[in-house]
Ligand code: F6R
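In structure tokens:
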């Protein structure tokens, strides 16, 4: 797992978008796993702009969204289908017939879930899955106590999620549908690559848990640490994150500098938690540093963050 901390929301979301654009350029018929929510609104806006300005071609892509509310009528503006059409699909050159969301309006929800899994399998699985993390620690709508091997199914939303998502429902959590269809944690983990974008101080604690573990069905986002290909980017400054998993010398994946200055390669591997072994990239400030796995260092290949920083399309002042 590569953890990339960016200095602000604009750069974090731009990096998320850049990773998707790179995937589509390398494999024009990619199967993309998409997400909704406030974080993704920005990613989608950047992606739509990339399509316009950088000629990213989505015409051969197939997409599968993580989730959909249950109980809203077909055509309701608050359905994620409507949201995706408006925020992304109508902004890029994707064929709407190649875009999929779980059908939360179906009369037979179980059959709808089976059909969704089958459709993903028919496309050969998801190449790149985009994820946010909810305040409850969910990915998709996999609320606490979601089995790590779960498949697409319906889930009851927790009060924390109802509050988080009340914006689209007049600000009143009581108006948010109580249930949703969601890809399971097992479905998500089968994606070949995961890109997780997290922003905002209110996510710092849950993010630290997600990255530091332990893996638990109480926080489905912790499951991403069990895949080697996961990439996370976020803007949270390390000192705001939980220190639950710090070692005796103050190291934690979200506070890697610990009590020592960020100069050169600060830590010997033997002193780090095994799963989160990482090296501190020299020359970056505490608020803008990148963690790289020893593998990436050994092979001498530039990390995604390095490439992103060099890529002109990555930053544009109007994103700030
Ligand atoms: C949405 C989804 C959710 C969100 C998460 C973060 O399709 O699957 O897991 O990604 O709740 O949402 P925001 O960005 O609104 O905080």
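In this note's numbering, the protein residues as written are 22 to 341. Virtual Cβ for every residue (Gly too), placed ideally from N, Cα, C. Note that the coordinates shown come from a computational prediction; the quantities given were computed from them, not determined experimentally.
Only counting the same chain, and skipping five residues up and downstream in sequence, which positions put a Cβ closer than 8 Å to that of residue i?
i	result
residue 190	99, 196 and 197
residue 46	77
residue 170	205, 206 and 207
When you compare each of the options to residue i by their alpha carbons, which one comes out closest?
i	options	result
residue 19	103, 111, 72 and 29	Nothing can be reported for residue 19: it is not among the residues displayed for the chain, which extend from 22 to 341.
residue 229	215, 246 and 47	246
residue 175	140, 130 and 214	130
residue 116	50, 75 and 153	50
residue 23	237, 132, 218 and 236	218
residue 182	170, 125 and 240	240
residue 18	79, 140 and 243	A query on residue 18 cannot be resolved here, the shown segment of the chain reaching from 22 to 341 and no further.
residue 80	143, 168, 126 and 120	120
residue 97	126, 83, 75 and 74	126
residue 58	187, 210 and 232	187
In its own chain, which residues sit with a C-beta less than 6 Å from the C-beta of residue i, not counting the 5 before and 5 after it?
i	result
residue 204	87, 161 and 173
residue 138	172 and 173
residue 92	198
residue 309	Its pLDDT being 29, under 50, residue 309 is placed unreliably in this model, and the value from its coordinates should be taken loosely. 28, listed in sequence order.
residue 148	51, 52 and 213
residue 306	Low confidence applies to residue 306: its pLDDT is 26, below 50, so where it sits in the model is not reliable, and the reading given next is rough at best. Contacts found: none.
residue 72	113
residue 141	85
residue 42	71 and 77
residue 60	153, 218 and 220
Helix, strand or coil, according to DSSP, for residue i in the structure here?
i	result
residue 13	Outside the displayed span of the chain (22 to 341) sits residue 13, for which this structure offers no information.
residue 115	coil
residue 211	coil
residue 54	strand
residue 39	helix
For residue i, collect the residues of the same chain with a Cβ closer than 7 Å to its Cβ; drop the 5 residues on either side in sequence, then sort them by chain order.
i	result
residue 223	156
residue 69	109, 112 and 113
residue 364	A question about residue 364 goes unanswered here, because the residues of the chain that appear run from 22 up to 341.
residue 48	148
For the ligand F6R, I want to know if residue i counts as a neighbour, meaning its beta carbon is within less than 7 Å of at least one of the ligand's heavy atoms.
i	result
residue 162	yes
residue 58	yes
residue 88	yes
residue 105	no
residue 61	yes
residue 159	yes
Is residue i a contact residue of the ligand NAD, with contact defined as CB to any heavy atom under 7 Å?
i	result
residue 48	With respect to the ligand NAD, the structure offers nothing, as its ligand set consists of the ligand F6R.
I'd like to know if residue i contacts chain C, where contact means its C-beta is closer than 8 Å to some C-beta of that chain.
i	result
residue 81	No chain C is present in this structure, which holds just one protein chain.
Note to self: As an exercise, report each continuous alpha helix (DSSP H) stretch of at least 4 residues that is fully enclosed by the segment 60-114, in chain order.
What the structure shows: 101-108
Next item on the list: For the segment 117-202, list the alpha helix (DSSP H) runs that are entirely contained and at least 4 residues long, ordered along the chain.
Entry: 130-143 and 180-185
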